[in-house]
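Trainee: Residue numbers (my numbering): 413 to 642.
Beta carbons: idealized from backbone N, C-alpha and C, even for Gly.
My structure is below; once you've seen it, I'll send some questions.
Rendered as structure tokens:
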């Protein structure tokens, strides 16, 4: 029975994948790199450092640590400008988070920078609803490696135990993802996965291993989750 949920961030909670892509495209252009949508989406699941290194390597342009930090800082600044006025949270997510948190422990497992996650949590007032937050700074690897979800499961299980609940088994902890790489990471961590079709199609998510797919998260309240992921 589902007792906890680990949610990806970009593409699940916040509708900013294209904003991220445009910000990267703008800051990479002075380096002679024209980032395409295809190149961006092919690297979903990577943390920012791995993403930038991969793009520069593919373009045959070495990048040192100082330049890498400059690219990352510039990208975050442009992203922040884009989301601060009208935070692009997906329809239904706020309702889903608030209602689900009354019955289930919620966590975020993302390859995004912690400052970006914190920025949105502060703007939306959603911070109190999440018991665990794992970001790129917390995990050495990136999706589809399962380490992020293994650590997420460990931390949210410890949180529940501290509240006098019994330890969970893997089937008790649901992953919600929007990318094939994220789905693969969740399944490799031996966790059930719900794929949301915000970024790719249901067929792509199922092929990656998703146990079920959804269009809107508020169609999946705790009773529905427990029925499907029994």
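Between the segment 529 to 548 and the segment 562 to 580, are three or more C-beta pairs nearer than 8 Å?
Mentor: yes
Trainee: Can you give the Cα-Cα distance for residue 553 and residue 414, rounded to whole angstroms?
Mentor: In the chain shown, residue 553 corresponds to position 141, counting from 1. In the chain shown, residue 414 corresponds to position 2, counting from 1. Straight-line Cα distance between these residues: approximately 27 Å.
Trainee: Work out the CA separation of residue 591 and residue 612 for me, nearest whole Å.
Mentor: Sequence index remark: in the chain shown, residue 612 carries index 200 (1-based). Sequence index remark: in the chain shown, residue 591 carries index 179 (1-based). Distance between the alpha carbons of residue 612 and residue 591: 7 Å.
Trainee: Residue 549 by DSSP, collapsed to three states: which one?
Mentor: By 1-based counting over the chain shown, the position of residue 549 is 137. In the structure shown, residue 549 sits in a helix (DSSP, three-state: H, G or I).
Trainee: What's the C-alpha gap between residue 579 and residue 639?
Mentor: Counting from 1 along the chain shown, the entry for residue 579 is found at position 167. Counting from 1 along the chain shown, the entry for residue 639 is found at position 227. C-alpha separation (whole angstroms): 21 Å.
Trainee: Rounded to the nearest angstrom, what separates residue 487 and residue 568 at their Cα positions?
Mentor: Translated into positions along the chain shown, residue 487 becomes position 75. Translated into positions along the chain shown, residue 568 becomes position 156. If I take the Cα positions, the gap works out to 31 Å.
Trainee: May I ask you to list the residues that DSSP assigns as paired with residue 417?
Mentor: For the purposes of this step, residue 417 is identified with residue 5 of the chain shown, where counting begins at 1. Residue 417 pairs with 518 and 586.
Trainee: Can you say whether residue 420 is buried or exposed, counting buried as having 16 or more other CB atoms within 10 angstroms of its CB?
Mentor: Mapped onto the chain shown, residue 420 falls at position 8. Flag for residue 420 reads buried.
Trainee: Residue range of the beta strand (DSSP E) that residue 682 falls in?
Mentor: No information on residue 682 is available, as it lies outside the stretch 413 to 642 that the chain covers here.
Trainee: Just to check my reading of the structure: residue 424 and residue 608 have Cβ atoms closer than 8 Å, yes? What is that Cβ distance to the nearest angstrom?
Mentor: Position 12 of the chain shown, counted from the start, is the residue given in the question as residue 424. Position 196 of the chain shown, counted from the start, is the residue given in the question as residue 608. So it is a contact: roughly 6 Å between Cβ atoms.
Trainee: For residue 431, which option in 479, 498 and 481 has the closest C-alpha, if you only look at C-alpha atoms?
Mentor: As a first step, residue 431 is located in the chain shown; it is residue number 19 there, counting from the start. Of the candidates 479, 498 and 481, the one whose C-alpha sits nearest the C-alpha of residue 431 is 498.
Trainee: Mind checking residue 441: buried by the 16 CB within 10 Å criterion, or exposed?
Mentor: For the purposes of this step, residue 441 is identified with residue 29 of the chain shown, where counting begins at 1. Result: exposed.
Trainee: Please confirm if the segment 434 to 451 is in contact with the segment 501 to 513, defined as three or more CB-CB distances below 8 Å between the two stretches.
Mentor: no
Trainee: Residue 490 to residue 471, Cα distance in whole Å?
Mentor: Working through the chain shown from its first residue, we reach residue 490 at position 78. Working through the chain shown from its first residue, we reach residue 471 at position 59. C-alpha separation (whole angstroms): 22 Å.
Trainee: Please confirm whether any heavy atom of the ligand MG lies closer than 6 Å to the CB of residue 638.
Mentor: As far as ligands go, the structure on display features none, and thus does not contain the ligand MG.
Trainee: If you run the structure through DSSP and keep just helix, strand and coil, what is residue 607?
Mentor: Along the chain shown, read from residue 1 onward, the residue named residue 607 stands at position 195. Correct three-state label for residue 607: strand.
Trainee: Given that a residue counts as buried once 16 or more other Cβ atoms are within 10 Å of its Cβ, and exposed if not, what is residue 647?
Mentor: Residue 647 is absent from the model: the chain starts at 413 and stops at 642.
Trainee: By alpha-carbon positions, which one of 510, 511 and 623 ends up nearest to residue 641?
Mentor: Taking the first residue of the chain shown as 1, we reach residue 641 at position 229. Looking at the Cα atoms, 623 is the closest of the given residues.
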